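Read the structure below first, then the notes.
2 protein chains.
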Amino acid sequence: MLRLSRMTDYAVVALSALGGAEAVRTAPELAAETGLAEPTVAKVLKLLGQAGLVDGLRGARGGYRLARPLSAVTLAEVIVAIEGPIALTACVDGASGGCDTEATCPIRGRWDPVNDAIRNALSAVTIADLAPTSCAAAHRAALALA
Amino acid sequence: MLRLSRMTDYAVVALSALGGAEAVRTAPELAAETGLAEPTVAKVLKLLGQAGLVDGLRGARGGYRLARPLSAVTLAEVIVAIEGPIALTACVDGASGGCDTEATCPIRGRWDPVNDAIRNALSAVTIADLAPTSCAAAHRAALALA
DNA sequence: ACAATCCGGACAAACCCGGTCCGGATTGCA
DNA sequence: TGCAATCCGGACCGGGTTTGTCCGGATTGT
Ligand code: SF4
Ligand code: SF4
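Sequences listed follow chains A and B, in order. With numbering that gives the first Met the number 0, letter number 49 in the first sequence gets 48, and the count goes up by one each step, no holes. With numbering that gives the first Met the number 0, letter number 13 in the second sequence gets 12, and the count goes up by one each step, no holes.
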């Protein structure tokens, strides 16, 4: 179905929730706010931290904080952070060994332009484009808690 | 990794092999030509036939034949034929029920523009663009671009 | 009648993903 | 200094999807 991983989806909603306020938020806080399970959102934030998209502050009163504004982080970055490099097939970017018919395959290497097109399309959209406006999110959160 | 199914990949190489000659080819023939296992390529051709991308001719001296020239079948069509509808997440096109957090999700429905962008990118490339250019295909492409 | 070929579905194995959990390191606070 | 809060890194397992194979039946040319 050309579906992206569910974790990637969660990462986007977590980021958008984090982008609502500039404050430091803890993982359980974000989990409650987004309605996702706590261990899951923790795992996602962990991955995001490794990729440098968010800063993890340890210790008491710690939490997570955006490393960059949402308008400066592209969807492609999030996908790479969670799922790994964007590669439609096993033979893009000159990779070899992932396909056992690559010796006789007539279209080996011809996926690269398509792959780059997808990459570009994904790099053109930022998380800010997907996230709702901050005040709307705050309002929704307030309603959910009420 | 945003990777498309391996079957889809096989479908493209099978189609490109079929496009080399206008003749009718049997499944074992194509299997030998592409280096893929015979039951696999048979399955792929079966799917392709259901989608109307190739014509299956039964009986002795039967085989498969292209329903359209390769320059008229888009990559998006092949993906849909093998993997099903292109949907990055569970909530595109107003679908509901596939995601258990869609009630509180702040970005529900906001994936649609991205999804459409991918769809368009995939619809812009034809199998003739990926298949090795037999001189006839190259000529046709040159005429189309002129 | 016979052989060749596609058609539809069933099937098990392999693989990947999703979700959970734990122990350790680090920091703020009393 | 002791304690509690919090992130960090990894292991773990169950379930679902994908992959690859197979078989019996339908269809058609010879
Ligand atoms: S070598 Fe051919 S079969 Fe293998 S991944 Fe590349 S295009 Fe697909
Ligand atoms: S409703 Fe939200 S969490 Fe569910 S698939 Fe859509 S964007 Fe992802």
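In this text, a Cβ means the ideal position worked out from N, Cα and C, and glycines have one as well. If you're wondering where the values come from, they're calculated on a predicted model, not measured in any experiment.
The DSSP-derived three-state label of residue 55/B is strand. Beta-bridge partners of residue 9/A (DSSP): none assigned.
When 9 angstroms is used as the limit between beta carbons, residue 131/B is near these residues of chain A: 105, 106 and 109, in chain order. According to the DSSP secondary-structure assignment, residue 125/B is paired through a beta bridge with 73/B. Look at which beta carbons fall closer than 6 angstroms to any heavy atom of ligand 2; those residues are 8/A, 12/A, 88/B, 89/B, 90/B, 98/B, 100/B, 101/B, 104/B, 106/B, 107/B and 110/B. For chain A, the residues of the segment 111-125 of chain B that bring a beta carbon within less than 7 angstroms of one of its beta carbons are 113, 116, 117, 120 and 124, in chain order. For residue 126/A, the closest of 8/A, 0/A and 2/A by C-alpha to C-alpha distance is 8/A. In the DSSP annotation of this structure, the continuous segment of the beta strand (DSSP E) that includes residue 62/B starts and ends at 62-65. Think of a sphere of 9 angstroms around the beta carbon of residue 92/B: no beta carbon from chain A falls inside it, the nearest being about 12 angstroms out. No Cβ-Cβ contact shorter than 8 angstroms links residue 1/B with residue 106/A. DSSP places residue 31/B inside the alpha helix (DSSP H), whose first and last residues are 26-33. Under the DSSP assignment, residue 37/B falls in the alpha helix (DSSP H) whose first and last residues are 37-49. Around the Cβ of residue 56/A, a 10 Å sphere holds fewer than 16 other Cβ atoms; the residue is exposed. Comparing C-alpha distances from residue 17/B to each of 3/B, 6/B and 47/B shows the shortest one belongs to 47/B. If you draw a 10 Å sphere on the C-beta of residue 62/A, you find 16 or more other C-beta atoms in it, and that means buried.
Per DSSP, reduced to three states, the secondary structure at residue 130/B is coil, with no helix or strand assignment.
Any Cβ of chain B closer than 8 angstroms to the Cβ of residue 0/A would place that residue at the interface, and such an atom is present. Counting other Cβ atoms within 10 Å of its Cβ, residue 118/B reaches 16 or more and is therefore classed as buried.
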